[in-house]
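J.: Here it is, the structure in full.
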Amino acid sequence: MNQPLTSAQLSTLKTALRGRFEELLEEVRQDLVKADDDRAALLSDRVRDLEDESLMDLIADIELADIDRDLEELRDVEAALGRVREGSYGFCLKCEEPIPFERLRAYPAASRCRRCQSLYEKTYAHQPSPSL
Ligand SMILES: [Zn+2]
């Protein structure tokens with residue numbers, strides 16, 4: 040049985056999440072600045088001054104292939120920070136068991152334990168052909 044996070048571990052992970060959030064935000068900003076798109080350039084100016092929540096709404100509307108991957112991780116990190124606020128962070132979304140600190144240290148935005156994550160990936164992975 041895994042142990043729930045200690046408050047010291049939680050604060051370590053919270054710091055990591057915030058750091059990652061800032062990092063991703065900066066990458067997205069740079070992608071927006073580079074993007075050859077007037078709307079994107081306009082948005083990147085506004086992005087600088089926005090609060091986190093409204094920023095997520097704003098960039099959710101932008102479709103730029105370059106930043107999809109960053110945005111996806113940004114959403115994961117934002118969701119994890121939301122769970123920190125709610126007090127549900129560190130517990131598997133699926134089975135509600137505590138997620139081991141080692142796993143969270145490697146990937147602070149993890150929302151499932153290793154077992155549920157691999158089940159999830161199997162379920163949603165693209166199947167080349169029906170396996171019947
Ligand atoms: Zn689980």
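Residue 40 is where the sequence shown starts when you use my numbering, and the numbers rise one by one after that.
Just so it is clear, CB atoms sit at the ideal spot from N, CA and C, and this is done for glycine as well.
Everything numeric in this text was worked out from a predicted model, so none of it was measured.
If we count the other Cβ atoms within 10 Å of its Cβ and call it buried at 16 or more, is V67 buried or exposed?
T.: In the sequence shown, the residue the question calls residue 67 occupies position 28. When all chains shown are included, V67 counts as buried.
J.: Along the chain, where does the alpha helix (DSSP H) containing A145 start, and where does it finish?
T.: As a position in the sequence shown, residue 145 is number 106, starting the count at 1. Run containing A145: F140 to A145, per the alpha helix (DSSP H) assignment.
J.: Could you tell me whether any non-hydrogen atom of ligand 1 is closer than 7 Å to the CB of R154?
T.: Start at 1 with the first residue of the sequence shown, and residue 154 comes out as number 115. Indeed, a heavy atom of ligand 1 lies less than 7 Å from the Cβ.
J.: Just checking my contact of E192 with L64 at CB under 8 Å: how many whole Å lie between their CB atoms?
T.: Nothing can be reported for residue 192: it is not among the residues displayed for the chain, which extend from 40 to 171.
J.: Any heavy atom of ligand 1 closer than 7 Å to the beta-carbon of K133?
T.: Counting from one through the sequence shown, the residue named residue 133 turns up at place 94. Checking every heavy atom of ligand 1 against the Cβ of K133, one is found closer than 7 Å.
J.: Which one of T162, Y159 and C152 has the shortest CA to CA distance from Q42?
T.: Sequence index remark: in the sequence shown, residue 42 carries index 3 (1-based). Comparing Cα positions, the closest option is C152.
J.: Determine the extent of the alpha helix (DSSP H) in which T45 is found, giving its start and end residues.
T.: Walking along the sequence shown from the start, residue 45 turns up at place 6. Note, T45: premise wrong, no alpha helix (DSSP H); not H, not E.
J.: Which value, in whole angstroms, describes the spacing of the CA atoms of R108 and L71?
T.: Within the sequence shown, residue 108 is the residue found at index 69, counting from 1. Within the sequence shown, residue 71 is the residue found at index 32, counting from 1. Their backbone Cα atoms lie some 13 Å apart in a straight line.
J.: Between which residues of its own chain and A55 is the CB-CB distance below 7 Å, once the five residues before and five after are set aside?
T.: Indexing the sequence shown from 1 puts residue 55 at position 16. Within the same chain, A55 has close Cβ partners P147.
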